[in-house]
Amino acid sequence: MICSLRPAPVCRVYWHAYRIALTFRAMAKDNHPDTSPNEEPAPTTIDPIRTPATELSGKVLNGRYLIQHELKRGGMGAVYLAQDQQLHSRPVVVKVLLDEAYQSEYVVQKFHQEVEALSRIDHPGIVGIIDAGKLENGRPFIVMQYVEGMTLRSLINAEGMNLERVGEILKQTGRALTAAHQRGIFHRDLKPDNIMLQDLGHGEEQVKIIDFGVAKVKDSVVAPSTSLNLSPGTVAYMAPEQLSGRPVTAATDVFALGAIAYEMVTGRKPFNPETGYELLQMHQSGVRVKPADLRPSLSDQAQEVILKALSYNPPDRYNVPRDFGDNLARALGQEQSERQNTDSAALPLTQLPSEETPLANAGSIPAFKTIQAPYQAAQPIQPSVNDLGYGKETNGKRGSLGKIIALMVLALVIVAGIATAAIWYALRARPATVEPKVETSSPERLLTYGLTVQKMRNGRAYQGEFESSGQEIFENGWKFRMNVTSPQEGYLYLLNEGPAEGGVTTYNMLFPEPKTNGGSARVKADNKLQTAWMRFDDNQGTEKFWIVWTAAPVKELDAATDAINDEDQGEIKDSAKARRVREFLDKYSSPKPEIAKDSSKKQTNVKAKGETLVNLLELEHH
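Residue 0 is where the sequence shown starts when you use numbering that gives the first Met the number 0, and the numbers rise one by one after that.
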């Protein structure tokens, strides 16, 4: 079965020839189909100039830096691991400008400006510069601090990172970036690849911002102006003003931080365009898929902080990166604290002392236990005349009369006591009236789903199938199946919503369909249902995938299913029936169901109040 997935038409314009070359080359590297989310793509700062590797291994620079081996190679230079022979062979990093890049005045100026930028900044969150010099052939090099750790890129996974760790990393990054801005340095190429995490031991880590190769240096003594009408940076993290070639400010780096935060939280980039112009349109329209849509546990406050950093207009963002990092860390920290408090409140109160559970100190009196007087044997009551108020006489008629009255009172007391005891016993023996229990909880629907994905190349399967919760970015032509199960019996409907020509919304009924489950929408409890194969078409975009799980058949969806012909390939072409499908989805899609991701099983658990569950699953592909 083919999933008809068609994004809206894309408006295209021509850019300046050089800028469009930079943009498409950078985007090609950012979206290379063979690059996994955890791999580090090659730097895409400017038009890369590839030259054969210059072998420096074994050479000593400035009489002290012994080159060990090459670490990586970018557009402007190569980076080597070396030993500082004057400081007990301490490891350092040496960055050397490539031969071909050395022929570009702009590249040479930016290389020298990197030295100037790092020399201005002294902050633990920014890689430190140690030395600088020239090779025998005149090419410059920089000696920098060696950071023992890993890049942020290597830590970001498809499900998103631990939120508390996200807050701490971005808090440090925001403060380090603010220190750079205070020295007139704007990074302009901030991305997960250029943020390293130094392992300090005992679970502590220190952020290190690296690669100031295309940084904007205010009041530079090396090169007062090196713009050349270029837009250096990595497209996926570039702010609108940077992408358009307008002047950059502190808010430009804040936008990149916001894009990084979005990716750390959700595992996805906030924008996935096909062209640079389309990216500008997306910037102006704002983030369409909110972070909490992909990470339901994210608080509204944390989401608001991230979206503010991604605002289209620079004045609407945070002016200081430190404010962004601190506010996000605070929001994520409060979220963690509230979660811990909720967990603590849910613990059973088994530690409270009671009559059955005395305190540890055997000599103390258990709380909530009534203290009773010591037991005494019953003694016959001997009231005195004084107690009855008849004076001191004990002889004669008056004394005898007093005794008689006292005995009568005693008898009345005894009778009253017996009657009271009888009434108490009768009431105690009577069976208690049990009020009928009223069930107040409303019904709910439960569903678990996941995807089985098959990569495709040239129409053929390659590599093995893999399981997915749907958060990855897939490729055009790949096939996938939906795996659905529930502890309840019910009726399942799967629809794909997509735009057609003229902006009209269309729907494809993906399930039920004749080849699966006997063509029936009914699914038994605890029965794992796997749909037929569906395929992403060759148009990049975001697919709206509706999942409907109900306790009873849905007449609107059944009627639409019955009206589909074989040649329709699942598309609901009857406009009236399509409209009723739209009305049904609108009615039951709010409020949104509760969603919980199970990363270990690559599944998503969905729960909704009532007899009808409607969940929108958005699948990205390019």
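Glycine residues also receive a C-beta, built at the ideal position from the N, C-alpha and C atoms.
TODO: Could you have a look at V304 and say whether DSSP puts it in helix, strand or coil?
DONE: Within the sequence shown, numbered from 1, the residue matching residue 304 stands at position 305. V304 falls in the helix class under three-state DSSP.
Open item on the list: In this structure, how does DSSP classify R646 when only helix, strand and coil are distinguished?
Closed with: Any property of residue 646 remains undetermined from this structure, which presents the chain solely from 0 to 621.
Open item on the list: Between which residues of its own chain and S118 is the CB-CB distance below 8 Å, once the five residues before and five after are set aside?
Closed with: Walking along the sequence shown from the start, residue 118 turns up at place 119. Within the same chain, S118 has close Cβ partners I128.
TODO: Report yes if the C-beta distance between V288 and E617 is below 8 Å; otherwise report no.
DONE: Here the question's residue 288 lines up with position 289 in the sequence shown. Here the question's residue 617 lines up with position 618 in the sequence shown. Yes, these two residues count as a Cβ contact at 8 Å.
TODO: Going by CA-CA distance only, name the one from Q568, K523, P592, I546 that's closest to L494.
DONE: Locating residue 494 in the sequence shown gives position 495, counting from the first residue. When each option's Cα is compared against that of L494, the closest is I546.
Task: Extent of the continuous beta strand (DSSP E) run through E582 - done: Sequence index remark: in the sequence shown, residue 582 carries index 583 (1-based). Not the beta strand (DSSP E): E582 falls in the alpha helix (DSSP H), residues 574–587.
TODO: Report buried or exposed for A595, applying the criterion of at least 16 other Cβ atoms within 10 angstroms of its Cβ.
DONE: The sequence position of residue 595 within the sequence shown is 596, counting from 1. It counts as exposed.
Task: Three-way DSSP call (helix, strand, coil) for P36 in this model - done: Counting from one through the sequence shown, the residue named residue 36 turns up at place 37. Residue placement at P36 cannot be trusted, given a pLDDT of 36 that sits under 50; what the coordinates show is reported in the next sentence. If DSSP states are grouped into helix, strand and coil, P36 belongs with coil.
Task: Of the residues V107, F465, W477, the one placed nearest R459, counting alpha carbons only - done: Locating residue 459 in the sequence shown gives position 460, counting from the first residue. That would be W477, whose Cα lies nearest to the Cα of R459.
TODO: Give me whichever residues DSSP pairs with M407 in a beta bridge.
DONE: To locate residue 407, count along the sequence shown from 1; it is residue 408. None; M407 has no bridge partner.
Open item on the list: Rounded to whole angstroms, what is the Cα-Cα separation between P314 and T248?
Closed with: Taking the first residue of the sequence shown as 1, we reach residue 314 at position 315. Taking the first residue of the sequence shown as 1, we reach residue 248 at position 249. The straight-line gap from Cα to Cα measures roughly 10 Å.
TODO: Can you give me the Cβ contacts of D557 inside the same chain, cut-off strictly under 6 Å, excluding the 5 residues immediately before and after it?
DONE: Looking up residue 557 in the sequence shown gives position 558. Excluding positions up to five away in sequence, the list is empty.
Open item on the list: By the three-class DSSP mapping on this structure, what secondary structure does G463 have?
Closed with: Translated into the one-based positions of the sequence shown, residue 463 becomes position 464. In the structure shown, G463 sits in coil (DSSP, three-state: anything other than H, G, I, E or B).
Task: For N312, the residue or residues it bridges with in DSSP - done: Taking the sequence shown and counting its residues from 1, the one referred to as residue 312 is at position 313. According to DSSP, which records beta bridges pairwise, N312 is partnered with nothing at all.
Task: Start and end residues, alpha helix (DSSP H) containing A116 - done: Translated into positions along the sequence shown, residue 116 becomes position 117. Its alpha helix (DSSP H) spans residues 104–119.
TODO: Using a threshold of 8 Å, state whether the C-beta atoms of P552 and A577 are closer than that.
DONE: As a first step, residue 552 must be located in the sequence shown, where it is residue number 553. As a first step, residue 577 must be located in the sequence shown, where it is residue number 578. Contact: no.
Task: Euclidean distance between Cα positions of L179 and A100 - done: Residue numbering aside, residue 179 sits at position 180 when the sequence shown is read from its first letter. Residue numbering aside, residue 100 sits at position 101 when the sequence shown is read from its first letter. The identity of residue 179 in the sequence shown is Ala, whereas the question assumes Leu. Spanning the two alpha carbons is a distance of roughly 26 Å.
- [ ] Give the DSSP-derived three-state secondary structure of T633 in the structure shown.
- [x] The displayed coordinates of the chain run from 0 to 621. Any statement about residue 633 would go beyond what the structure contains.
Open item on the list: Out of L327, A81, E496, L331, which one is the CA nearest neighbour of S296?
Closed with: Here residue 296 refers to the residue found at position 297 when the sequence shown is read from its first residue. Nearest option by C-alpha distance: L331.
Open item on the list: So, with DSSP's three-state summary, where would you put H282?
Closed with: Looking up residue 282 in the sequence shown gives position 283. Three-state result, H282: helix.
Task: Element boundaries [alpha helix (DSSP H), containing Q197] - done: Counting from one through the sequence shown, the residue named residue 197 turns up at place 198. That residue, Q197, is in no alpha helix (DSSP H); its beta strand (DSSP E) goes 194–200.
Open item on the list: Just list the residues that DSSP pairs A595 with in beta bridges.
Closed with: Within the sequence shown, the letter at position 596 stands for residue 595. Partner(s): N604.
Task: Secondary structure of I209, DSSP reduced to three states - done: Translated into the one-based positions of the sequence shown, residue 209 becomes position 210. Of the three classes helix, strand and coil, the one that applies to I209 here is coil, per DSSP.
Open item on the list: For the region 178–192 against the region 207–217, do three or more pairs of beta-carbon atoms, one drawn from each stretch, fall closer than 8 Å, so that the two count as touching?
Closed with: yes
Task: Of the listed residues P123, T451, P191, nearest to T177 (C-alpha basis) - done: Locating residue 177 in the sequence shown gives position 178, counting from the first residue. Answer by Cα proximity: P123.
Open item on the list: Quick check: the Cα distance between F110 and G212, rounded to an integer number of angstroms?
Closed with: Indexing the sequence shown from 1 puts residue 110 at position 111. Indexing the sequence shown from 1 puts residue 212 at position 213. Taking the straight line from one Cα to the other gives about 6 Å.
Open item on the list: Suppose contacts are defined by Cβ-Cβ distances below 8 Å. Is I208 in contact with V126 by that definition?
Closed with: Your numbering for residue 208 matches position 209 in the sequence shown. Your numbering for residue 126 matches position 127 in the sequence shown. Contact: yes.
TODO: Kindly indicate which three-state DSSP category A250 falls into: helix, strand or coil?
DONE: The count along the sequence shown starts at 1 and reaches residue 250 at position 251. It is helical.
Task: M149 beta carbon less than 8 Å from that of M75 - done: Position 76 of the sequence shown, counting from 1, holds the residue named residue 75. Position 150 of the sequence shown, counting from 1, holds the residue named residue 149. Contact flag unset, no.
- [ ] Please work out which residues of its chain come closer than 6 Å, Cβ to Cβ, to L96, disregarding the five sequence neighbours upstream and downstream, and give them in chain order.
- [x] The residue labelled residue 96 in the question sits at position 97 within the sequence shown. Taken in chain order, the residues that qualify are G76, F110, R138, P139.
Open item on the list: Looking at the strands, I want to know which residues DSSP matches up with E619.
Closed with: In the sequence shown, residue 619 corresponds to position 620, counting from 1. I472, T541, per the DSSP bridge assignment.
- [ ] Taking F473 as the reference, give the member of A131, N271, K133, G244 with the closest Cα.
- [x] Walking along the sequence shown from the start, residue 473 turns up at place 474. Of the candidates A131, N271, K133, G244, the one whose C-alpha sits nearest the C-alpha of F473 is N271.
Task: Enclosing alpha helix (DSSP H) for V165 [first to last residue] - done: As a working note, residue 165 is residue 166 in the sequence shown. Here the alpha helix (DSSP H) through V165 covers 162–181.
TODO: Compare the C-alpha of D292 against each of R63, P269, L278 and name the closest.
DONE: Translated into positions along the sequence shown, residue 292 becomes position 293. Answer by Cα proximity: P269.
- [ ] Please name the residue or residues paired with A669 in a DSSP beta bridge.
- [x] Nothing can be reported for residue 669, as the shown portion of the chain is limited to 0 through 621.
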